[in-house]
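For the working numbering, count along the sequence shown from 1 and bump the result up by 293. Glycine residues also receive a C-beta, built at the ideal position from the N, C-alpha and C atoms. Predicted model, so just to flag it, every value in this text is computed and none were measured. Worksheet: the structure to be examined is printed underneath.
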Amino acid sequence: MKTLQVVKGMRDILPPESQWWRAVEGALIEVLESYGYREIRTPFLEPAELFARSLGEQTDIVEKEMYTFTDLDGGQLTLRPEGTASVVRAFVEQNLARRSPLHRFFYLGPMFRRERPQKGRFRQFSQLGAELIGAEAPAADVEVIDLLLGLAARAGLEKLSLEINSLGCPVCRGGYRGALVEYLQSRRDRLCQDCLRRLQTNPLRVLDCKQEACRQVADSAPHTIDFLCPACREHFQGVMDGLQALAIPCHLNHRLVRGLDYYTRTAFELQAQSLGAQSAVAGGGRYDGLIEAMGGPKTPAVGFAIGLDRLLMMAAEKGLPPPVASDVFVAVQAPGCWSEAYRLMRELRQAGLRVECDARMGSLKSQLKRADNLGTPLAVILGEEELAAGEVTLRDMRRGEPDEQKQRRVARQGLAQLLLAMFRGKGENITKQS
Ligand code: HAM
Numbered sequence: 294m295k296t297l298q299v300v301k302g303m304r305d306i307l308p309p310e311s312q313w314w315r316a317v318e319g320a321l322i323e324v325l326e327s328y329g330y331r332e333i334r335t336p337f338l339e340p341a342e343l344f345a346r347s348l349g350e351q352t353d354i355v356e357k358e359m360y361t362f363t364d365l366d367g368g369q370l371t372l373r374p375e376g377t378a379s380v381v382r383a384f385v386e387q388n389l390a391r392r393s394p395l396h397r398f399f400y401l402g403p404m405f406r407r408e409r410p411q412k413g414r415f416r417q418f419s420q421l422g423a424e425l426i427g428a429e430a431p432a433a434d435v436e437v438i439d440l441l442l443g444l445a446a447r448a449g450l451e452k453l454s455l456e457i458n459s460l461g462c463p464v465c466r467g468g469y470r471g472a473l474v475e476y477l478q479s480r481r482d483r484l485c486q487d488c489l490r491r492l493q494t495n496p497l498r499v500l501d502c503k504q505e506a507c508r509q510v511a512d513s514a515p516h517t518i519d520f521l522c523p524a525c526r527e528h529f530q531g532v533m534d535g536l537q538a539l540a541i542p543c544h545l546n547h548r549l550v551r552g553l554d555y556y557t558r559t560a561f562e563l564q565a566q567s568l569g570a571q572s573a574v575a576g577g578g579r580y581d582g583l584i585e586a587m588g589g590p591k592t593p594a595v596g597f598a599i600g601l602d603r604l605l606m607m608a609a610e611k612g613l614p615p616p617v618a619s620d621v622f623v624a625v626q627a628p629g630c631w632s633e634a635y636r637l638m639r640e641l642r643q644a645g646l647r648v649e650c651d652a653r654m655g656s657l658k659s660q661l662k663r664a665d666n667l668g669t670p671l672a673v674i675l676g677e678e679e680l681a682a683g684e685v686t687l688r689d690m691r692r693g694e695p696d697e698q699k700q701r702r703v704a705r706q707g708l709a710q711l712l713l714a715m716f717r718g719k720g721e722n723i724t725k726q727s
């Protein structure tokens, strides 16, 4: 029979790599919580209209990358391609502005974009995002950028470049757009087919086209920051001053426009050369008009999302940490002892120990061999003789000495407490009498 395969651009994450994902996610959540960010969980499915209205009809994502289907009742649903739109929907729908003037959210989970798969680019990928809602002042932009760098540092990433730009507000954007279109029209003959189309629909996107000829045209294009109105200029200066106060180096990138239409003012990306073509580990910016455009009260906001697949790829280049082994392996000498083994394992787990057994119920020898392969430091052996005496045998799996020296009998009663004390204090001598 033909075996089934995973969907193109999607993948399985197996242990021990999955354990490593969990550990990194846990460490990053600690950082987020230390900045006052709290988790928001939104559904993976949203009305298709949410993304068309927030990301923009003329973005790559909405034009060609969304997994959208017709539900049985005729509604159009989309697997979320990013998290900001959903956070904004929830904010407006739950009337969160009434609860507090300022909200700090983070989210973590799968996103779906039907892009062409390549190194670091998947059709299902994981994002960790943070959104600071309710603050217009540069201090908010500085906070989220500092947070992003704090997260990257916690993951051990090095040699990153923080790229920054200001896209202005709708007022100054109008002036910029006019100047850009005029400039691009004068160089139409050098633009690719896609950019000729973008020139009509979304000219800012020409600036981040990857084609070499378009890049050259973009290099000499007018700069957004030269068209900022006084308020946007002052805001951008405030952000740059804040970054300087924190000694955060950044590179003013005039071609950084981001691929989503909701951005205003500050836009930024964290890039890593080691990732090759898909160099952005994270991207974000300010979206002061989005909440109002989605039917909420006028509310400024700024945030970012990290691509966890890319972050972990970079961290993995330094070598994966060893897999997490169980603390105790319960081995059963005689078939009649399994009932007691079930009870003992439950008891040890409830006491907080990580406990495993060989559920194939084979010979004691094969069970201990498995414990050895797994790297479990300690085995608890249950045999008829021990149980009759109200005892169990402890076996130190890390010692290569003769059996008498690595094994000892202890009372079955109070075993959990004994093992906990051993693991807490004197891990090295787990079979020696204290
Ligand atoms: P984005 O730049 O589209 O921004 O995505 C953020 C990050 O997600 C990227 O820098 C990249 O690391 C990762 N990513 C995107 N697409 C893929 C893919 N196909 N495969 C693997 N990783 C990918 C946003 O999504 C905005 N919502 C960020 C934001 C939050 N802006 C304000 N708040």
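Discussion item. What does the alpha-carbon distance come out to for the pair residue 400 and residue 576?
Written reply: For the purposes of this step, residue 400 is identified with residue 107 of the sequence shown, where counting begins at 1. For the purposes of this step, residue 576 is identified with residue 283 of the sequence shown, where counting begins at 1. C-alpha separation (whole angstroms): 15 Å.
Fill in: Buried versus exposed, by CB contacts within 10 Å (16 or more), residue 678
To locate residue 678, count along the sequence shown from 1; it is residue 385. The residue in question, residue 678, is exposed, as its Cβ has fewer than 16 Cβ neighbours within 10 Å.
Discussion item. For residue 419, list the residues DSSP reports as bridge partners.
Written reply: Counted from its first residue, the sequence shown places residue 419 at position 126. Paired residues: 403.
Discussion item. Let me check understanding here. Comparing Cα to Cα, which of 515, 709, 680 lies closest to residue 644?
Written reply: One-based indexing of the sequence shown puts residue 644 at position 351. Selected option, being the one with the closest Cα: 709.
Item to complete: Consider the C-beta atom of residue 602 and the heavy atoms of the ligand HAM; say whether any pair is separated by less than 6 Å.
Response: The residue you call residue 602 lines up with position 309 of the sequence shown. Yes; taking the cut-off as 6 Å, the Cβ of residue 602 has a heavy atom of the ligand HAM nearer than that.
Worksheet entry | residue 439 versus residue 599: straight-line alpha-carbon distance, rounded | Against the sequence shown, residue 439 aligns to sequence position 146. Against the sequence shown, residue 599 aligns to sequence position 306. Each residue's Cα considered, the two are about 13 Å apart.
Worksheet entry | Inter-residue CB distance, residue 425 and residue 435 (contact presumed, cutoff 8 Å) | For the purposes of this step, residue 425 is taken as the residue at position 132 of the sequence shown. For the purposes of this step, residue 435 is taken as the residue at position 142 of the sequence shown. Wrong, their Cβ atoms sit about 10 Å apart, outside the cutoff.
Item to complete: Specify the secondary structure class of residue 708 as computed by DSSP and reduced to three states.
Response: Mapped onto the sequence shown, residue 708 falls at position 415. Helix, per DSSP.
Discussion item. Tell me whether the stretch 585–597 and the stretch 658–669 touch, counting them as touching only if at least three CB pairs, one residue from each stretch, are closer than 8 Å.
Written reply: no
Worksheet item: Straight-line CA distance for residue 302 to residue 454?
Response: Along the sequence shown, read from residue 1 onward, the residue named residue 302 stands at position 9. Along the sequence shown, read from residue 1 onward, the residue named residue 454 stands at position 161. Their Cα atoms are separated by approximately 27 Å.
Item to complete: Keeping to the same chain, check which residues put their C-beta closer than 6 Å to that of residue 465; ignore five residues upstream and five downstream.
Response: Counted from its first residue, the sequence shown places residue 465 at position 172. Answer for residue 465: 520, 521, 522, 525, listed in chain order.
Practice prompt. Kindly confirm or deny that the stretch 500–515 and the stretch 462–477 touch, where touching means at least three C-beta pairs closer than 8 Å.
Written response: yes
Discussion item. Per DSSP, what are the beta-bridge partners of residue 388 in this structure?
Written reply: For the purposes of this step, residue 388 is taken as residue 95 along the sequence shown, with counting starting at 1. Residue 388 is not bridged to any residue.
Worksheet item: What residues in its chain sit with their C-beta under 6 Å from that of residue 378, if we drop five residues either side in the sequence?
Response: Taking the sequence shown and counting its residues from 1, the one referred to as residue 378 is at position 85. The residues are 343, 344, 347.
Discussion item. Once the 5 residues before and after residue 654 are set aside, which same chain residues still bring their CB inside 8 Å of it?
Written reply: For the purposes of this step, residue 654 is taken as the residue at position 361 of the sequence shown. Around residue 654: 625, 628, 631.
Worksheet item: Are residue 451 and residue 562 closer than 7 Å when you measure CB to CB?
Response: Reading the sequence shown from its first residue, position 158 is the one you call residue 451. Reading the sequence shown from its first residue, position 269 is the one you call residue 562. Result no, Cβ atoms of residue 451 and residue 562 do not sit closer than 7 Å.
Discussion item. Considering just the uninterrupted stretch of the alpha helix (DSSP H) at residue 312, what are its terminal residues?
Written reply: Here residue 312 refers to the residue found at position 19 of the sequence shown. 310–327 is the extent of the alpha helix (DSSP H) around residue 312.
Practice prompt. Check whether the Cβ of residue 373 sits closer than 6 Å to any heavy atom of the ligand HAM, and report yes or no.
Written response: In the sequence shown, the residue the question calls residue 373 occupies position 80. Every heavy atom of the ligand HAM is 6 Å or more from the Cβ of residue 373, so no.
Worksheet item: Are the beta-carbon atoms belonging to residue 549 and residue 560 less than 7 Å from one another?
Response: Locating residue 549 in the sequence shown gives position 256, counting from the first residue. Locating residue 560 in the sequence shown gives position 267, counting from the first residue. Going by C-beta atoms, residue 549 is nearer than 7 Å to residue 560.
Practice prompt. State the start and end residues of the unbroken alpha helix (DSSP H) segment that holds residue 640.
Written response: Against the sequence shown, residue 640 aligns to sequence position 347. Element bounds for residue 640: 631–643.
Item to complete: Please go through the same chain and pick out, in chain order, the residues whose beta-carbon is closer than 6 Å to the beta-carbon of residue 714, but skip the five residues on each side of it.
Response: Taking the first residue of the sequence shown as 1, we reach residue 714 at position 421. Here the set comprises nothing.
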